[in-house]
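Participant: The structure's right below; bear with me while I get my questions together.
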Amino acid sequence: MFLHYIDLSIRSIKSTPVISVLMVFAIAIGIGLTMTSLSVFHMMSMDPIPHKSQAIHFPQLNIMDEGGEWHTDDNIPYQLTYQDAINLYNADADFPRSPSFRSGFSVHLNTPDVKPTMEPARLVYQEFFSIFERPFIFGAPWSKEEQQSKPYVVVISESINNRLFNGQNSVGKSIYLDNKSYRIVGVVEDWDHHIKYYDLNNGAFNSPEKLYVPFSIAPLEEIGTWGNTNGWKHETLNGYQSLLQSELVWVQFWVQLNTAAEKEAFSALIMAYMEDQQSKGRFNRDNLQYALRNVTQWLKYNQVVSEDNRILVGLSFMFLLVCVANILGLLLAKFLKRAPEVGVRRALGASKKHIFAQHIVEVSVIGLAGGILGIVIAQLGLWGVRTTNRYYEALATMDVSLLLAAPTIALMASFIAGLYPAWLVCRTQPAIYLKSQ
Amino acid sequence: MLTMHNVGKIYQTDSVQTHALRDFSLTVNEGEFIAVTGPSGSGKTTFLNIAGLLEPFTSGQYTLDGIDIGGLSDNQRADIRNQKIGYIFQGFNLIPDLNIYENVEVPLRYRGVPAKERKVRILECLEQVGLASRARHLPQQLSGGQQQRVAIARALAGKPRFLLADEPTGNLDTLMARQVMELLEEINQNGATIVMVTHDPELARRAPRNIQVVDGELADLTFYQGKPATPASAPEKSAHESVVGG
Ligand SMILES: Nc1ncnc2c1ncn2[C@@H]1O[C@H](COP(=O)(O)OP(=O)(O)OP(=O)(O)O)[C@@H](O)[C@H]1O
Ligand SMILES: [Mg+2]
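Here it is as structure tokens:
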């Protein structure tokens, strides 16, 4: 019977092509728009590292003297000073942790046949790779020894390895960053993330870095950040060394704390460190203040999913509702016009259930067609988002769950639109239309 | 088979009340062939619709095969329609999107007859009305008379024990009308109870029993056992008082 209903639906759709096409398009456009905004929203609000988002933490110190103001919700600067980052890294504790910041180099092989290209790079300590579970294709992170005493080493990404070394194992070879030669110790997979949760400085949806060099290179080569640098008091800098000594914040810091106990221990470490610094003349404030947020809290704190995004999703659903209302009207007209036929079917033994099922199936067929067309429209919409705004490139894609959600939402929308008309038509009294015509 | 006792039907539209049927009492026995005549608007279709469970009635009692129809749910009525009753409507009421074969198939589908058996029965019925070769035509590709025959085939397909026909020959020429009448007589011979509304006195005469409906009231005119009836006399107000047999 179900197949028969589908057959009837398709005939009915064919027999009223204009109304049917209108309905399919109404659903498709509603779904397309909803899916576009929902996809972006979904990618934005997705947990970027589900199995570790509760373990990886970002410490923040309130370095300001009493009365200092910062623009964050809790009045704590959102990055660390270089000296605090180094001190927290060197503190005596076992938790994997790493300072980091984004910069960039001109990358070349010092041969005339390969043109130098400017590539973004991240300065990190070796723990960074294990904290964020970066998979190595060749080699491994540099050793602690290397980052301390022979820091001219580099981990390159797959795409650079493909470009410069045709994808061959390049471990042990040298490449040039600016005018210095670095030995390649590892090739890491390209980081294909939607949210750049480990560094929100240049925007939450920025592209990943292609190179990693030891953090200890920074003072040696006087490497500046490509991210933000902020301060809370007036300081005159002369030269790179004074930047490192300054109260300016420009370094990110991540620490992996697997348990509540570990988190407590690291909190104590921060407190002890701040007290120690206070005794040396910094942190002139009544109450020492710090924050230690995990990835989930960090993204929320930084409002990665903004209120605007939520409103946009809400609006698109409202638009879908308008589409549903239109479809409801069209279905009502279409189904009621068919009342005589329904009367005949009822007279020939169709129960209300039969009639209801027949019409709900028809509505579902329209909904499903609209949903599938809606996916196409959503892909177009996302393509539009990607091309007009490169910043959203990694975000404006549809994952499997949304690909499945689209027809589901379309079906639900068409149900909502079709319930009333189908109910109305199944109440048709068999006799009314059977008198002489 | 069918007993109506003081059945009444009132149509209420905005301000007007129409007494389509009043105090309608009738017994139809298994295997009867009854012709219903009466002026236009007298309530013949209304009677047929109520008898066929297509319409609720406003007062009185109606039992079909011992079942009190007044107390049935909508679904139960649909089941009885589907299982026991065949209809030939006053208009053809074929479904325009379905071809002839599929139109005849409709009641069988609702009855849950398996596909193979459906096919046999449909072709059999189309054969009976001489339209087997038109099975794949759409209703609008047939003449009025042919459409009427499809409607008859559709009513027969379910092998109903109770056949209600509302002007089954209204759209046919005399020859066709006679053929249809012969078909109905054959079905009646095979055991089906038939109630047929007709305007044609000649056809009415062929039916063993005639009843007349005037202003929603019943005048049971004749009850000839198998013999041709004399033409139904013009309706009189007092007709229902001279009920014969029943
Ligand atoms: N759905 C309805 N609403 C209101 N009045 C109705 C309705 N159906 C029928 N009537 C009225 O009830 C009366 C009987 O109608 P019915 O259709 O039974 O007559 P009929 O004898 O079949 O006439 P005809 O020979 O023209 O087919 C008429 O006066 C008609 O106007
Ligand atoms: Mg009539």
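Protein sequence lines, in the order shown, are assigned to chains V and R.
Residues 1 to 437 in the UniProt record's numbering are what the first sequence lists, from first letter to last.
Residues 1 to 246 in the UniProt record's numbering are what the second sequence lists, from first letter to last.
For each residue, glycine too, the CB sits at the ideal point set by N, CA and C.
State the Cα-Cα distance for the pair Asp286/V and Asp74/V, rounded to the nearest angstrom.
Facilitator: Computed Cα separation, rounded: 16 Å.
Participant: Output the boundary residues of the alpha helix (DSSP H) element that contains Arg11/V.
Facilitator: Here the alpha helix (DSSP H) through Arg11/V covers 2–15.
Participant: According to the neighbour-count rule (16 or more other Cβ atoms, all chains shown, within 10 Å of its Cβ), is Gly203/V buried or exposed?
Facilitator: Gly203/V is exposed by the Cβ-count criterion.
Participant: Nearest-angstrom Cα distance between Ile175/V and Pro151/V?
Facilitator: Using only the alpha carbons, I get a separation of about 14 Å.
Participant: Mind pulling the chain V residues with CB within less than 7 Å of Ile187/R?
Facilitator: Residues of chain V passing the Cβ test: none, with the nearest at roughly 17 Å.
Participant: List, in order along the chain, the chain V residues whose C-beta lies closer than 9 Å to that of Asp68/R?
Facilitator: The contacting residues do not exist; Asp68/R stays about 20 Å from chain V at best.
Participant: What's the call for Met35/V, buried or exposed, on a 16-neighbour Cβ count within 10 Å?
Facilitator: Met35/V should be labelled buried.
Participant: Considering Arg338/V, what are the terminal residues of the beta strand (DSSP E) in which it resides?
Facilitator: Looking at the DSSP string, Arg338/V is not in any beta strand (DSSP E), and its letter there is neither H nor E.
Participant: Could you name the residues of the region 105–128 of chain R whose beta carbon sits closer than 7 Å to any beta carbon of chain V, in the order they occur along the chain?
Facilitator: Listed by position, the residues of the region 105–128 of chain R near chain V (Cβ gap below 7 Å) are Val106, Pro107, Arg109, Tyr110, Arg111.
Participant: Which residues bound the alpha helix (DSSP H) around Thr46/R?
Facilitator: It spans 44–51 - the alpha helix (DSSP H) in which Thr46/R sits, taken as one unbroken run.
Participant: For the region 327–359 of chain V, which residues have a CB atom closer than 9 Å to at least one CB atom of chain R, in sequence order?
Facilitator: The region 327–359 of chain V vs chain R, Cβ under 9 Å: Pro340, Glu341, Gly343, Val344, Arg345, Arg346, Ala347, Leu348, Gly349, Ala350, Ser351, Lys352, Lys353, His354.
Participant: Compute the Euclidean distance between the alpha carbons of Ala394/V and Leu33/V, then round it to the nearest angstrom.
Facilitator: In a straight line, the C-alpha of Ala394/V is about 19 Å away from that of Leu33/V.
Participant: By Cβ distance below 7 Å, which residues in the same chain neighbour Thr13/R in space, the five residues on each side in sequence not counted?
Facilitator: Nothing listed; no residue qualifies.
Participant: How would you write the range of the beta strand (DSSP E) that Thr111/V sits in, first residue to last?
Facilitator: Where Thr111/V is concerned, there is no enclosing beta strand (DSSP E), given that its DSSP letter is neither H nor E.
Participant: What in chain V is Cβ-close to Ile95/R, meaning under 7 Å?
Facilitator: Correct list: Glu341, Val344.
Participant: Does any residue of chain R have a CB that is nearer than 8 Å to the CB of Ser12/V?
Facilitator: Closer than 8 Å to some Cβ of chain R, the Cβ of Ser12/V qualifies, so yes.
Participant: Check each residue of the region 286–319 of chain V: if its Cβ is closer than 8 Å to any Cβ of chain R, include it; give the result in chain order.
Facilitator: From the region 286–319 of chain V, no residue has a Cβ closer than 8 Å to chain R.
Participant: Less than 8 Å between the CB atoms is what I'm expecting for Gly216/R and Gly71/R, so what's the real figure, rounded?
Facilitator: Incorrect: roughly 24 Å between the Cβ atoms, too far for contact.
Participant: Indicate the three-state DSSP secondary structure (helix, strand or coil) for Lys263/V in the structure shown.
Facilitator: Looking at Lys263/V - three-state DSSP - the assignment turns out to be helix.
Participant: Closest to Thr225/V by C-alpha separation, out of Asp7/V, Ile360/V, Asp47/V, Val249/V, would be which residue?
Facilitator: Comparing Cα positions, the closest option is Val249/V.
Participant: To be precise: take each residue of the region 71–85 of chain R, compare its Cβ to all Cβ atoms of chain V, and keep it if any distance is under 8 Å. Which residues remain?
Facilitator: So the close ones are Asp74, Asn75, Ala78, Asp79, Arg81, Asn82, Gln83.
Participant: Examine ligand 1 and report whether any of its heavy atoms sits within less than 7 Å of the Cβ of Gln128/R.
Facilitator: Gln128/R Cβ: outside cutoff for every heavy atom of ligand 1.
Participant: With 16 other CB atoms within 10 Å as the buried threshold, where does residue 461/V fall?
Facilitator: Outside the modelled stretch of chain V, which goes from 1 to 437, sits residue 461/V, for which no answer is possible.
Participant: Okay, do the region 187–195 of chain V and the region 128–145 of chain V touch, 3+ Cβ pairs below 8 Å being the bar?
Facilitator: With a cut-off of 8 Å, the region 128–145 of chain V and the region 187–195 of chain V count as touching, because enough Cβ pairs lie within range.
Participant: Shorter than 8 Å from the beta carbon of His42/V to some beta carbon of chain R?
Facilitator: Chain R contact via Cβ: absent.
Participant: Could you check if Asp166/R belongs to the surroundings of ligand 3, using beta carbon to heavy atom distance under 7 Å?
Facilitator: In the structure on display, ligand 3 does not appear, and the ligands it does have are ligand 1 and ligand 2.
Participant: For the alpha helix (DSSP H) that Gln54/V lies in, which residues bound it at each end?
Facilitator: Per DSSP, Gln54/V belongs to no alpha helix (DSSP H) and is neither H nor E.
Participant: Consider the Cβ of Tyr87/R: report whether some Cβ of chain V lies at a distance smaller than 8 Å.
Facilitator: It does; some Cβ of chain V falls within 8 Å.
Participant: Going by DSSP, what residue range makes up the beta strand (DSSP E) through Phe33/R?
Facilitator: Taken as a continuous stretch (DSSP letters only), the beta strand (DSSP E) holding Phe33/R covers 33–37.
Participant: Using 8 Å as the limit for Cβ to Cβ distance, is Leu203/R near chain V?
Facilitator: Not an interface residue.
Participant: Have a look at Leu424/V, Leu61/V, Val425/V and flag the residue whose alpha-carbon is nearest the alpha-carbon of Trp232/V.
Facilitator: Comparing Cα positions, the closest option is Leu61/V.
Participant: So, does the CB of Ser15/V fall closer than 8 Å to a CB anywhere in chain R?
Facilitator: True, the Cβ-Cβ gap to chain R drops below 8 Å.
Participant: Does Leu64/R come within less than 8 Å of chain V when only Cβ atoms are used?
Facilitator: No, because no Cβ of chain V sits closer than 8 Å to the Cβ of Leu64/R.
Participant: With a 10 Å radius around its C-beta and 16 neighbouring C-beta atoms as the bar for buried, classify Asp84/V as buried or exposed.
Facilitator: Asp84/V should be labelled buried.
Participant: Just tell me which of Ala28/V, Gly68/V, Pro59/V has its CA closest to the CA of Asn284/V.
Facilitator: Selected option, being the one with the closest Cα: Gly68/V.
Participant: So which residues of chain C does Leu54/R contact, with C-beta pairs closer than 7 Å?
Facilitator: Here chain C cannot be found, since the structure's protein chains are V and R.
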